[in-house]
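Heads up: the sequence shown is residues 1 to 245, going by UniProt numbering. Using N, Cα and C, we set each Cβ at its ideal position, and we do this for glycine too. Please read all numbers here as calculations on a predicted model, not as lab measurements. Beneath this line is the structure, given in C-alpha cells, with notes to follow.
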Amino acid sequence: MDAQRIRVLVKNNIIKLIRTPANLFMNILFPAVLTLVFGISFNDPETGMTISFTTPGLISYAIIFIIMTVAMSFTEDRESGILKRINTTQTTSSEFMGSHIISNMITSFIQVIIVVGLALLIGFRPTGNLWSYVLVFIIIGLFALIAVGLGLIVATIAKSPGAASGISFIFILPMMFFGTFMPLNSTTEIIAKFMPSAYATNALEVLFTGDNLNPVVLSGILFLSITSIIIVLIGVLLFNKLGNK
Numbered sequence: 001m002d003a004q005r006i007r008v009l010v011k012n013n014i015i016k017l018i019r020t021p022a023n024l025f026m027n028i029l030f031p032a033v034l035t036l037v038f039g040i041s042f043n044d045p046e047t048g049m050t051i052s053f054t055t056p057g058l059i060s061y062a063i064i065f066i067i068m069t070v071a072m073s074f075t076e077d078r079e080s081g082i083l084k085r086i087n088t089t090q091t092t093s094s095e096f097m098g099s100h101i102i103s104n105m106i107t108s109f110i111q112v113i114i115v116v117g118l119a120l121l122i123g124f125r126p127t128g129n130l131w132s133y134v135l136v137f138i139i140i141g142l143f144a145l146i147a148v149g150l151g152l153i154v155a156t157i158a159k160s161p162g163a164a165s166g167i168s169f170i171f172i173l174p175m176m177f178f179g180t181f182m183p184l185n186s187t188t189e190i191i192a193k194f195m196p197s198a199y200a201t202n203a204l205e206v207l208f209t210g211d212n213l214n215p216v217v218l219s220g221i222l223f224l225s226i227t228s229i230i231i232v233l234i235g236v237l238l239f240n241k242l243g244n245k
C-alpha cells in the first residue's frame with residue numbers, strides 16, 4: 001500500500017463530501033441542527049430528556065448516516081466509471097477501500113466535535129477524564145467502521161445512488177430507533193441488544209461520566225470490535241466480488 005496515494009484519495013473523498021450538498025447536510029449540518037433542536041426545544045429533566053442523556057445518542061445518530069454516504073459514494077463512482085478507471089491505474093483496491101475507511105472515520109470524528117461542541121454550549125457537562133475521551137474516540141472509530149462496512153454491503157446491492165439512499169434505511173432505521181436517544185421499553189431493549197448503535201450509545205453515556213471500567217464500556221468495545229471486523233470483511237469481499245462491476 002502506498003501512503004502517498006492513500007493521502008491523495010482521502011483528500012479527494014473529503015473534498016467530494018464538502019462539494020456534495022446532500023452528504024454535507026446529512027453528515028455535518030444535520031447533526032448540528034439536531035443537537036440544537038434537542039438541546040433547546042426538548043430539554044426536559046422531568047422526562048429524562050436532558051442534553052446529557054441525548055448527546056451520546058446524537059453522536060451515534062450522526063455516525064449511522066455514514067452508511068448512506070458510503071453507499072451513495074461507491075455507487076456514484078461505479079456509475080460514473082471511476083471504479084473502472086481506478087482498476088487501470090496503480091491504485092490497488094485495498095488503497096481505495098482504505099482511503100474511504102479513513103476519510104469516513106475522519107468525518108465521524110468531525111461529527112463528534114460538532115455535536116459535543118454545540119452540546120457544551122447548551123448545558124452538556126461531561127465529567128470524564130483523558131482516558132475517558134481516548135475510549136470515546138475508540139468507540140466512535142469502531143462504530144464508524146461498522147457504518148462503512150454496511151455502506152459497502154448496500155453499495156453491492158444498489159444499482160444507483162438513489163437506490164443506495166433508499167436501501168441504506170434498512171440498516172439506518174433499526175439502529176436509529178433502537179440504539180440512539182429514543183427511550184426503550186422492555187421489548188425494544190431486547191431488539192437493542194443486536195444493534196451496534198445501542199452498544200456505542202451506552203458506552204459513550206458511561207464514559208462521559210468518567211466510569212471507564214464499567215462493564216458497559218468493556219462489553220461495548222468487545223461487541224463493536226468483533227462486529228466491525230466481521231461487517232467490514234463482508235462488505236469488502238461482497239463489493240469486490242459483486243459490486244465493483
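Where do the ends of the alpha helix (DSSP H) carrying residue i lie?
i, result
"residue 225", "215-238"
"residue 77", "66-79"
"residue 188", "186-192"
"residue 163", "161-177"
"residue 85", "82-87"
"residue 212", "From DSSP, residue 212 is part of no alpha helix (DSSP H); its letter is neither H nor E."
"residue 39", "30-41"
"residue 11", "3-19"
"residue 202", "196-207"
Restricting to Cα atoms, I'd like to know which of the options is closest to residue i.
i, options, result
"residue 177", "164, 63, 137, 195", "195"
"residue 37", "126, 18, 217, 51", "51"
"residue 172", "121, 108, 86, 68", "68"
"residue 135", "28, 35, 225, 18", "225"
"residue 143", "33, 30, 65", "65"
Using DSSP with H/G/I as helix, E/B as strand and the rest coil, what is residue i?
i, result
"residue 152", "helix"
"residue 246", "Since the first and last residues shown for the chain are 1 and 245, residue 246 lies out of range."
"residue 53", "helix"
"residue 22", "helix"
"residue 111", "helix"
Any heavy atom of the ligand HEM closer than 6 angstroms to the Cβ of residue i?
i, result
"residue 205", "Ligands are entirely absent from the displayed structure, and the ligand HEM is therefore not among its contents."
Exercise. Between the segment 116-136 and the segment 65-84, do three or more beta carbon pairs fall short of 8 angstroms?
Worked result: No, the segment 116-136 is not in contact with the segment 65-84.
Exercise. Are the segment 161-169 and the segment 62-75 touching by the rule of at least three beta carbon pairs closer than 8 angstroms?
Worked result: With a cut-off of 8 angstroms, the segment 62-75 and the segment 161-169 count as touching, because enough Cβ pairs lie within range.
Exercise. Does the segment 225-232 touch the segment 140-148, meaning 3 or more C-beta pairs lie closer than 8 angstroms?
Worked result: With the cut-off at 8 angstroms, the segment 140-148 and the segment 225-232 touch.
For this session: Evaluate contact between the segment 5-16 and the segment 98-105, counting only Cβ atoms and requiring at least three cross-stretch pairs below 8 angstroms.
Result: Touching, yes, given that three or more Cβ pairs across the two stretches are closer than 8 angstroms.
For this session: Pair every Cβ in the segment 124-132 with every Cβ in the segment 207-227, then say whether three or more of these pairs are closer than 8 angstroms.
Result: Result yes; three or more Cβ-Cβ pairs closer than 8 angstroms.
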